[in-house]
Amino acid sequence: MPVFDPALVDAAQRSAAWPFEEARKLVARIAKSGKQEVIFETGYGPSGLPHIGTFGEVARTSMVRHAFEVLTDGTIPTRLIAFSDDMDGLRKVPDNVPNKALLAANLGKPLTEVPDPFGTHDSFGRHNNARLRAFLDQFGFDYEFKSSTDSYRAGEFDATLLKMLARYDAVMKIMLPTLREERAATYSPFLPIHPVTRIVMQVPIDARDVEAGTITWTDPATGERFVTPVTGGEVKLQWKPDWAMRWVALGVDYEMAGKDLIDSVKVSSQIARALDGTPPEGFNYELFLDEQGQKISKSKGNGLTIEQWLEYGPQESLALYMFQRPREAKKLHFDVIPRAVDEYLQFLGGYERQDWKNRLGNPVWHLHHGEPPQPEVIAAGEGDNVSRAQITFGLLMNLVAVANSEDKSVLWGFLQRYAPGISPQTHPRLDALVGYAIAYFRDFVKPAKNYRIADEVERDAFAKLNAALAELPPDATAEMVQDAALDIARKIPRYQHENTKEAPVQRIGVSGEWWKAIYQVLFGEDRGPRFGSFAAIYGLANTRALIAKALSGALVEEHAAFVDGRKG
Numbered sequence: 001m002p003v004f005d006p007a008l009v010d011a012a013q014r015s016a017a018w019p020f021e022e023a024r025k026l027v028a029r030i031a032k033s034g035k036q037e038v039i040f041e042t043g044y045g046p047s048g049l050p051h052i053g054t055f056g057e058v059a060r061t062s063m064v065r066h067a068f069e070v071l072t073d074g075t076i077p078t079r080l081i082a083f084s085d086d087m088d089g090l091r092k093v094p095d096n097v098p099n100k101a102l103l104a105a106n107l108g109k110p111l112t113e114v115p116d117p118f119g120t121h122d123s124f125g126r127h128n129n130a131r132l133r134a135f136l137d138q139f140g141f142d143y144e145f146k147s148s149t150d151s152y153r154a155g156e157f158d159a160t161l162l163k164m165l166a167r168y169d170a171v172m173k174i175m176l177p178t179l180r181e182e183r184a185a186t187y188s189p190f191l192p193i194h195p196v197t198r199i200v201m202q203v204p205i206d207a208r209d210v211e212a213g214t215i216t217w218t219d220p221a222t223g224e225r226f227v228t229p230v231t232g233g234e235v236k237l238q239w240k241p242d243w244a245m246r247w248v249a250l251g252v253d254y255e256m257a258g259k260d261l262i263d264s265v266k267v268s269s270q271i272a273r274a275l276d277g278t279p280p281e282g283f284n285y286e287l288f289l290d291e292q293g294q295k296i297s298k299s300k301g302n303g304l305t306i307e308q309w310l311e312y313g314p315q316e317s318l319a320l321y322m323f324q325r326p327r328e329a330k331k332l333h334f335d336v337i338p339r340a341v342d343e344y345l346q347f348l349g350g351y352e353r354q355d356w357k358n359r360l361g362n363p364v365w366h367l368h369h370g371e372p373p374q375p376e377v378i379a380a381g382e383g384d385n386v387s388r389a390q391i392t393f394g395l396l397m398n399l400v401a402v403a404n405s406e407d408k409s410v411l412w413g414f415l416q417r418y419a420p421g422i423s424p425q426t427h428p429r430l431d432a433l434v435g436y437a438i439a440y441f442r443d444f445v446k447p448a449k450n451y452r453i454a455d456e457v458e459r460d461a462f463a464k465l466n467a468a469l470a471e472l473p474p475d476a477t478a479e480m481v482q483d484a485a486l487d488i489a490r491k492i493p494r495y496q497h498e499n500t501k502e503a504p505v506q507r508i509g510v511s512g513e514w515w516k517a518i519y520q521v522l523f524g525e526d527r528g529p530r531f532g533s534f535a536a537i538y539g540l541a542n543t544r545a546l547i548a549k550a551l552s553g554a555l556v557e558e559h560a561a562f563v564d565g566r567k568g
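Note that our numbering has the sequence shown beginning at 1, numbered continuously upward.
This is the structure we're talking about:
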C-alpha cells in the first residue's frame, strides 16, 4: 500500500523546491549503492551551548529527509544522527560558564572528562550533550543521538580506525598539503589520550604497528614513550580525518555544512575515499550576517540567539527563515522577524487553495512535514458582508501602538469586538502572536517611531477621511473602510496615480503616497498594515479619535515625551 497520496508522490518527482532537489541526489545514490537504509547526520561541537545555527542545520536536514521519504513513498527507512564530538579536547574556557577555574585546570582533556562547572552531570561534555538533546526535543525533531566518546569506547569505530592506520600514508598525503610547514612537520591524524594526564596529545607518531593496531609516541614534557592502541577510545582523530572516518563507519549518506567548511568537506571526502568509502551527499549553506553585513560569530556575540528570536516570533517563523534561500547569505537580526512571521502566515493562508505542485513549493509543507495546520482565521460581518482573514503581525503591532497598552486582554478586547466569539482558547496561535507583537513593539518599534505633523493637503484629506468613516455603519467591514479611504484619495490630485489622472473618478488609481501619509502621521512609520483591516478591528470611533489626535499634534508630543524619558 502506498504511504503517500500518489498525486503527491508524482508532483514530488518534478518539484523544484530545494529539499526535493537534494533528495533526488539521494534517490540516485541509493539506486547505485543498493543500500536499504539512508543515514542523515548533523554534527555538534559540545564545547558550547546549542545555537541558532544548530537549529538551522537540523531543521534543513529534516526537510531533505522528509522529501526523500515522499520521493521513495516511504519504502526506504531513514535515520537522522545528531552527532556530538564530545571527545574533542577542551581548548579554551567559555565566557558564559561558572567555575571557570575548574575548567582552566582541565584544559586539553576530552570534554567528557572535564568536570561539569554547572554541577549537574558527570562532565562538561555530558552537560552540553543534555542541553543539545533538550534543545532538539523542544522543537520536536526526530533524531538519534550519538556521542563520540561512547562510539569510540564501544568499538563502533574500531574497524575504520584500523583501516586508517593501514592507509596512514594515503591520509597523510591528503592532509599535509593543506597544512602550514611548521604544523606539517609534526602532524598526525591520530591524537592519543595520555594515559596519565588524560590530555588529548598533539604529538608526532614515532612508529606504527598495523598488525598490532598501535601507535608509538613520546610525551614531550617527560620524554616517556607510550604504545597506544588506536581502538577502544584510546585515541581520537584530528577533526577532518575524524569527520571522514565517521562518514565511513556510520555509513552516512547525507550531511550539509556551512560555506566556511567547503575546503574541509573536500579534504574529508578525499580521506573517505582513501578508506574505501563514498562521501555523503549534501550542500554548503551560506552563513548569516549581522545588521552591518558582517559574518556572525559566536565569539563576537554579534548575532541573534534562538532564545531572542523566540521571544518575538513563533518557531515556525524561524523555520521559514531557515528554509528560504539557504545558499544565499542573509541578515540575521531583529528586524527580519516581523517579515518572517507575516510571510509564514501568508504561506499558511494560501496552502489549502493550492494544487500539489504549488503546495510542494510552499514552505509550510516543508516546515510541518507535509501536514501544515489550518490557519487561524477570524470572521467578521454577516451574510454577504462576511470577511475572513488572518490577523497579521504588522497589524497587531499597530494595534498595540494605538491602544497604548501592553496588556493582552486589552488587545483581545479589540479583536473580540471585531469578531465576537473568538478567544485565546479558540485561537491559541493568535494569542501567542499578540504576546510576540507586544514584546517586539515595546523593544524595537516604539523607540524607533517617527511621528510627524500633517501638512495642509494632508490635514484636509484626513478631515475628509474622518467624515467618511463617520458615515459608515459601526460594523463596517475592512473592505468597506478600505474603499472609503480610496474614494477620498481619488479626488485629491497629490494622491492620484500619474497614469490615471484623466480617467473618470471611479477609475482613478491611488498612489502609495496616500498610504504613506497615513502610516507616517497616524503610526509614525513609513509602512504598515492594510488600513481597512486595521480600522475595522480598532473600531471606527477609535480610528476617528486617532485621526483627531494626530491632527492636534498630540501623537507627536506624546512620542517626544517618551523619547525624552528614555534619555533620562
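No residue lacks a Cβ here, since even glycine has one placed at the ideal position from N, Cα and C.
By the CB criterion at 8 Å, isoleucine 488 and alanine 468 fall inside the cutoff. For alanine 380, no alpha helix (DSSP H) run applies; the uninterrupted beta strand (DSSP E) run containing it begins and ends at 378-380, by DSSP.
Annotation: proline 50 is outside any alpha helix (DSSP H) and is labelled neither H nor E by DSSP. Proximity of the region 95-102 to the region 21-39 falls short of the contact definition, fewer than three beta-carbon pairs being nearer than 8 Å. In this structure, tyrosine 440 sits away from proline 314, with a CB-CB distance that is not shorter than 8 Å. Annotation: glutamine 138 to phenylalanine 55 spans about 11 Å, alpha carbon to alpha carbon. Of the candidates Tyr344, Met256, Arg246, Val196, Val196 places its Cα closest to the Cα of glutamate 224. The C-beta distance from glutamate 376 to histidine 333 rounds to 28 Å, too long to fall under 8 Å, and the pair is not in contact.
For alanine 82, the enclosing beta strand (DSSP E) begins and ends at 78-84. Looking at the DSSP output, phenylalanine 40 bridges to Leu80, Tyr254. Taking the C-beta atoms as reference points, alanine 23 is found nearer than 8 Å to leucine 71.
Counting the other Cβ atoms within 10 Å of the Cβ of isoleucine 453 gives fewer than 16, which makes it exposed. Inter-residue distance for phenylalanine 83 and glycine 394 is about 39 Å (C-alpha atoms, whole angstroms).
The C-beta of asparagine 499 has fewer than 16 other C-beta atoms within 10 Å across all chains shown, which makes the residue exposed.
In this structure the region 508-522 touches the region 449-463; the number of beta carbon pairs closer than 8 Å is three or more.
Excluding residues up to 5 positions away in sequence, Arg79, Ile81, Leu250, Gly251, Val252, Asp253 lie with their Cβ nearer than 7 Å to the Cβ of isoleucine 39 in the same chain. In the structure shown, proline 177 adopts helical secondary structure according to DSSP, grouped into three states. Our two residues, alanine 485 and glycine 532, have alpha carbons roughly 8 Å apart in a direct line.
Tyrosine 285 is positioned such that its CB atom lies no closer than 8 Å to that of proline 241.
Glutamine 202 and serine 188 have their C-alpha atoms roughly 8 Å apart. Around the beta carbon of glycine 233, 16 or more other beta carbons lie within 10 angstroms, which makes this residue buried. Proline 177 and phenylalanine 4 have their C-alpha atoms some 49 Å from each other. Closest option to isoleucine 193, judged by alpha-carbon separation, among Glu144, Tyr312, Tyr168, Thr149: Thr149.
Leucine 472 is positioned such that its CB atom lies closer than 8 Å to that of leucine 540.
Cβ atoms of tyrosine 418 and alanine 536 come within 8 Å of each other, at about 6 Å. Secondary structure at lysine 146: strand, using DSSP grouped into helix, strand and coil. Residue pairing from DSSP places arginine 388 in a beta bridge opposite Ala379. Annotation for valine 227: no alpha helix (DSSP H) segment contains it, though the beta strand (DSSP E) segment containing it runs 225-229. DSSP, reduced to helix, strand and coil, places glutamine 425 outside both helices and strands of the structure shown, so it counts as coil. For alanine 207, the enclosing beta strand (DSSP E) starts and ends at 207-209. Arg29 is the residue among Asp443, Arg29, His366 whose C-alpha sits nearest the C-alpha of glutamate 37. When C-alpha distances from arginine 208 are compared across Pro229, Pro220, Thr222, the shortest belongs to Pro229. Around the Cβ of aspartate 88, a 10 Å sphere holds 16 or more other Cβ atoms; the residue is buried. Here DSSP, grouped into helix, strand and coil, assigns proline 241 to helix.
When only Cα atoms are considered, leucine 287 and proline 373 end up about 30 Å apart. DSSP, read as helix, strand or coil, puts glutamine 13 in helix.
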